[in-house]
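Report on one structure; see the data block that follows.
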Amino acid sequence: MNKVFVIAWRNLWRTPRRSVVTIGAMTVAVLAMLLYASLVEGYVRDLEADLVEVEVGDLQVHAEGYRDRPSLYTTIDDSDAMIASLEGAGFVATARLLAGGLVAAGESSSGALIKGLDLETNDAVSAIAERVDRGEWLAASDPHGAVLGRGLARALAVDVGDELIVLGQATDGSMANELFQVRGILEAVTAETDLAGVLIADSIFRETFALDQGVHQVLMRRPANLGLDAASALAQSTIQGHEVKTWRELQPLMSQMIDISRSMIILMFVVMYVAIAILILNAMLMSVFERIRELGVMKAVGLSPRTVLSLVLTEAMLQAVVATVIALAVGAPLLWLLVERGIDVSGFGDITAGGMSIGTRMFGAVAPHTILGPIVTFFVLVFLGVLYPGLKAARLRPVEAMRHQ
Amino acid sequence: MLKQSPWIVLLAIVWMSVAMSPRALARQPSEDAEMQRLLGLFDDLLRGASSQGTMTMTVKTKRFERTLSMQTWSKGTDKSLVRILEPVKEKGTATLKVGDKIWNYLPKVDRTIKVPGSMMGASWMGSHFTNDDLVAKIRYSEDFACSFDPATREPSVKELRIDCIPNEDVAVVWGKVSMLLDKASELPTQSMFYDDDDELVRTMKYENVRTMGGKRIPTVLTAIPAGEDGEFTRVEHSKLEFDIDISDRLFSLQSLKQ
Numbered sequence: 000m001n002k003v004f005v006i007a008w009r010n011l012w013r014t015p016r017r018s019v020v021t022i023g024a025m026t027v028a029v030l031a032m033l034l035y036a037s038l039v040e041g042y043v044r045d046l047e048a049d050l051v052e053v054e055v056g057d058l059q060v061h062a063e064g065y066r067d068r069p070s071l072y073t074t075i076d077d078s079d080a081m082i083a084s085l086e087g088a089g090f091v092a093t094a095r096l097l098a099g100g101l102v103a104a105g106e107s108s109s110g111a112l113i114k115g116l117d118l119e120t121n122d123a124v125s126a127i128a129e130r131v132d133r134g135e136w137l138a139a140s141d142p143h144g145a146v147l148g149r150g151l152a153r154a155l156a157v158d159v160g161d162e163l164i165v166l167g168q169a170t171d172g173s174m175a176n177e178l179f180q181v182r183g184i185l186e187a188v189t190a191e192t193d194l195a196g197v198l199i200a201d202s203i204f205r206e207t208f209a210l211d212q213g214v215h216q217v218l219m220r221r222p223a224n225l226g227l228d229a230a231s232a233l234a235q236s237t238i239q240g241h242e243v244k245t246w247r248e249l250q251p252l253m254s255q256m257i258d259i260s261r262s263m264i265i266l267m268f269v270v271m272y273v274a275i276a277i278l279i280l281n282a283m284l285m286s287v288f289e290r291i292r293e294l295g296v297m298k299a300v301g302l303s304p305r306t307v308l309s310l311v312l313t314e315a316m317l318q319a320v321v322a323t324v325i326a327l328a329v330g331a332p333l334l335w336l337l338v339e340r341g342i343d344v345s346g347f348g349d350i351t352a353g354g355m356s357i358g359t360r361m362f363g364a365v366a367p368h369t370i371l372g373p374i375v376t377f378f379v380l381v382f383l384g385v386l387y388p389g390l391k392a393a394r395l396r397p398v399e400a401m402r403h404q
Numbered sequence: 000m001l002k003q004s005p006w007i008v009l010l011a012i013v014w015m016s017v018a019m020s021p022r023a024l025a026r027q028p029s030e031d032a033e034m035q036r037l038l039g040l041f042d043d044l045l046r047g048a049s050s051q052g053t054m055t056m057t058v059k060t061k062r063f064e065r066t067l068s069m070q071t072w073s074k075g076t077d078k079s080l081v082r083i084l085e086p087v088k089e090k091g092t093a094t095l096k097v098g099d100k101i102w103n104y105l106p107k108v109d110r111t112i113k114v115p116g117s118m119m120g121a122s123w124m125g126s127h128f129t130n131d132d133l134v135a136k137i138r139y140s141e142d143f144a145c146s147f148d149p150a151t152r153e154p155s156v157k158e159l160r161i162d163c164i165p166n167e168d169v170a171v172v173w174g175k176v177s178m179l180l181d182k183a184s185e186l187p188t189q190s191m192f193y194d195d196d197d198e199l200v201r202t203m204k205y206e207n208v209r210t211m212g213g214k215r216i217p218t219v220l221t222a223i224p225a226g227e228d229g230e231f232t233r234v235e236h237s238k239l240e241f242d243i244d245i246s247d248r249l250f251s252l253q254s255l256k257q
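Heads up: the protein sequence lines correspond to chains A and B, in order. Throughout the first sequence, residue numbering follows numbering that gives the first Met the number 0, covering 0 to 404 in sequence. Throughout the second sequence, residue numbering follows numbering that gives the first Met the number 0, covering 0 to 257 in sequence.
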């Protein structure tokens with residue numbers, strides 16, 4: 000076996016040009032896949048983080064029937080006790096008030112989803128306060144301040160400091176109306192909030208919509224040691240009689256998007272690597288055909304078909320190992336750049352994917368599977384690519400091979 | 000009889016069904032004229048060239064009950080203005096309608112908001128009427144094809160029933176509107192609004208006939224949405240004057256505010 004290894008290594012450098020080209024192509028393929036996998040992982044993680052950390056939370060509680068038919072009247076009435084018991088179980092939770100309505104500024108108006116936030120508990124659950132692009136986040140000292148989605152602000156042509164009228168129907172049937180000032184404008188978040196979200200403090204929400212008690216939604220983050228489904232089960236058993244949903248159930252489209260993005264990596268691997276596999280197949284076929292007489296002699300002096308096969312396989316694998324080492328060496332600093340600096344995608348305009356607005360920079364992320372995935376797939380394909388030339392070499396008949404011109 | 004050619008039997012059936020159909024009956028000149036006269040009366044019942052009045056609107060839903068008193072002005076079918084007098088919390092809130100556009104003035108924020116198209120189907124002041132109902136200016140005598148219910152033509156029946164189907168080019172949400180008219184007074188007692196699937200959507204009752212503004216009119220109108228147990232919106236006119244001189248300037252954004 001050791002001999003096979005030595006012979007394989009020597010054989011590689013008998014045709015240095017072909018070997019270098021093959022190794023070069025392999026290196027580019029592995030490198031591209033390492034970077035691509037990292038970028039997709041980063042994108043997927045950003046999506047998930049945006050969704051879960053900023054807006055949706057891990058889990059949400061609604062009053063029974065609210066999600067099918069949202070109504071100002073369908074409330075969770077014991078929210079304080081509920082939040083207390085959830086926090087006892089290790090969750091962090093915050094209550095939200097929700098109403099559909101209209102916002103108007105100057106001559107323009109637009110449909111809006113008005114959210115009343117509990118400013119004291121919100122930041123522990125949601126990172127949305129950190130996503131203010133212009134202006135400032137809500138403050139209890141400024142009850143008439145409102146933070147708007149970026150798209151909505153654009154539709155209404157308002158900027159920080161402009162006035163805004165929120166209209167709707169209050170619980171007593173009267174026309175809810177209140178004057179606000181734009182205090183902040185969010186950066187890219189979910190499309191729903193981007194295009195229709197008006198965030199205000201819960202106290203002014205109650206006043207505006209004449210809602211004395213009850214909340215529409217309880218948003219929570221799970222304890223760090225629990226998976227999503229386990230956390231959901233725990234929350235459901237902690238609070239009876241209300242509907243608990245995970246972010247994956249609440250945002251099935253996004254959830255699917257994320258899963259699809261991950262599996263897309265594999266598809267890309269296959270597409271990229273099939274090209275590489277053909278290249279390897281070609282290079283190894285060439286080297287086998289060029290050496291038919293030589294291989295014939297080797298078989299004639301007693302090399303078994305197995306040894307010949309393992310010789311050809313080893314030649315290919317050696318090239319693959321060299322390519323992988325180079326790809327990792329070159330890739331490491333590039334991956335670091337991708338993770339730390341990201342790449343500017345603002346030139347592509349405003350991108351929305353599956354209901355999420357993507358920001359102006361994309362960042363990579365590194366995880367074991369973004370490194371091992373490309374490499375393992377690569378080796379499997381190299382192995383499959385070299386199998387045919389290897390078997391061909393192994394099956395040579397010594398006499399015919401030695402006569403081969 | 001069966002020995003006759005089937006074609007003749009068929010023709011006879013077709014002729015009979017055409018001739019006996021309500022629409023064909025209505026096409027006879029005298030009935031046609033009477034229908035037009037009755038529909039015209041109905042169309043102009045609570046309308047004059049202009050009007051001014053005060054009314055109370057009571058809205059009862061599962062969730063709340065509220066009573067508003069308001070002042071109203073109208074001119075032609077195009078212009079109207081409603082201003083809330085009570086309760087104090089909503090005093091001064093006003094709705095101006097010009098053509099198919101609606102503006103609301105909100106005294107609390109001192110702003111006038113034009114109701115956008117997306118909100119036209121929403122409730123007006125919490126009632127069972129929508130903004131669309133406010134701007135709808137259908138005239139049954141022109142926009143609908145109406146026919147008498149033949150059974151109610153009998154002299155022994157006190158109320159006449161008229162069924163109206165909107166003409167194709169008329170934009171209404173109803174698939175059919177039926178009304179009951181008291182034969183003696185020729186005033187409506189009830190109208191029923193159906194959707195395109197012939198399901199009852201809303202019933203309107205006309206009650207408490209009194210002389211107001213020189214006309215005999217039902218002064219209490221109650222809209223009852225179908226399938227919403229116990230819910231209604233009732234409008235009681237306490238004063239109504241017709242054909243008085245009202246300046247066009249009243250129906251402007253400036254006067255909406257005052």
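C-beta: ideal position from N, C-alpha, C; glycine also. A quick note: this is a predicted structure, and the numbers were derived from the prediction, not measured.
Where residue i sits in the DSSP three-state scheme
{"i": "A/Asn121", "result": "helix"}
{"i": "B/Ser146", "result": "strand"}
{"i": "B/Arg152", "result": "helix"}
{"i": "A/Gln250", "result": "coil"}
{"i": "B/Pro224", "result": "strand"}
{"i": "A/Arg340", "result": "coil"}
{"i": "B/Glu198", "result": "coil"}
{"i": "B/Thr60", "result": "coil"}
{"i": "B/Glu206", "result": "strand"}
N-terminal and C-terminal residue of the beta strand (DSSP E) that residue i is part of
{"i": "B/Lys78", "result": "78 to 85"}
{"i": "B/Glu306", "result": "Because chain B spans 0 through 257 in this model, residue 306 of chain B falls outside it and cannot be assessed."}
{"i": "A/Ile164", "result": "162 to 168"}
{"i": "A/Asn224", "result": "Here A/Asn224 belongs to no beta strand (DSSP E), and DSSP marks it neither H nor E."}
{"i": "B/Phe231", "result": "231 to 241"}
Nearest neighbour of residue i, chosen from the options [CA to CA]
{"i": "A/Leu155", "options": "A/Leu116, A/Val287, A/Ala103, A/Met219", "result": "A/Ala103"}
{"i": "A/Ile113", "options": "A/Gln318, A/Asp201, A/Ala322, A/Gly64", "result": "A/Asp201"}
{"i": "B/Glu30", "options": "B/Arg248, B/Phe147, B/Ser184, B/Asp131", "result": "B/Phe147"}
{"i": "A/Gly183", "options": "A/Thr189, A/Asp161, A/Glu177", "result": "A/Asp161"}
{"i": "B/Gln70", "options": "B/Tyr193, B/Glu240, B/Val208, B/Ser190", "result": "B/Glu240"}
{"i": "B/Ser122", "options": "A/Arg149, A/Ala169, A/Val157", "result": "A/Ala169"}
{"i": "B/Met124", "options": "B/Ala144, B/Val81, B/Gly226", "result": "B/Val81"}
{"i": "A/Met283", "options": "A/Lys2, A/Phe4, A/Thr14", "result": "A/Thr14"}
{"i": "B/Lys74", "options": "B/Pro106, B/Glu227, B/Glu89, B/Lys136", "result": "B/Lys136"}
{"i": "A/Asn10", "options": "A/Leu333, A/Ala331, A/Val287, A/Pro388", "result": "A/Val287"}
Through-space distance from residue j to residue i, alpha-carbon basis
{"i": "A/Ala229", "j": "A/Ser254", "result": "17 Å"}
{"i": "B/Leu24", "j": "B/Cys163", "result": "Note on B/Leu24: pLDDT 48, under 50, position unreliable in the model; the coordinate value appears next. The alpha-carbon atoms of B/Leu24 and B/Cys163 are separated by roughly 14 Å."}
{"i": "B/Thr210", "j": "B/Ile243", "result": "17 Å"}
{"i": "A/His403", "j": "A/Thr313", "result": "24 Å"}
{"i": "A/Ala315", "j": "A/Ala276", "result": "11 Å"}
{"i": "A/Arg340", "j": "A/Ala111", "result": "35 Å"}
{"i": "A/Glu52", "j": "A/Leu101", "result": "27 Å"}
{"i": "A/Ser260", "j": "A/Tyr35", "result": "12 Å"}
{"i": "B/Phe250", "j": "B/Thr94", "result": "10 Å"}
{"i": "A/Asp193", "j": "B/Thr232", "result": "37 Å"}
{"i": "A/Leu33", "j": "A/Phe204", "result": "49 Å"}
{"i": "B/Val215", "j": "A/Thr189", "result": "According to the sequence as given, residue 215 of chain B is Arg; it is not Val. C-alpha separation (whole angstroms): 59 Å."}
{"i": "A/Met267", "j": "A/Val311", "result": "28 Å"}
{"i": "A/Tyr272", "j": "A/Ala319", "result": "12 Å"}
{"i": "A/Glu135", "j": "A/Val214", "result": "25 Å"}
{"i": "A/Arg247", "j": "B/Val171", "result": "42 Å"}
{"i": "A/Glu129", "j": "A/Ala138", "result": "13 Å"}
{"i": "B/Ile112", "j": "A/Gly172", "result": "18 Å"}
Limits of the alpha helix (DSSP H) - the one that residue i falls within
{"i": "A/Lys2", "result": "1 to 11"}
{"i": "A/Tyr35", "result": "15 to 48"}
{"i": "B/Pro106", "result": "First-last for B/Pro106: undefined, no H or E at that position."}
Neighbourhood of residue i by C-beta, 7 Å cutoff - its chain only, sequence neighbours within 5 removed
{"i": "A/Val329", "result": "Leu30"}
{"i": "A/Ala299", "result": "Pro397, Met401"}
Close beta carbons around residue i, own chain, < 8 Å, minus the five adjacent residues each side
{"i": "B/Glu230", "result": "Lys59, Thr60, Lys61, His127, Ile223, Pro224"}
{"i": "A/Ala366", "result": "Glu40"}
{"i": "A/Met219", "result": "Gly56, Asp57, Leu58, Gln59, Val60, Leu85, Phe90, Val91, Ala92, Thr93, Val124, Ala234"}
Chain C contact for residue i (CB, 9 Å cutoff)
{"i": "A/Ile164", "result": "In the structure shown, chain C cannot be found, because the protein chains are A and B."}
The ligand FAD heavy atom lying under 8 Å from the CB of residue i
{"i": "A/Arg402", "result": "Ligands in the displayed structure: none, and consequently the ligand FAD is not present."}
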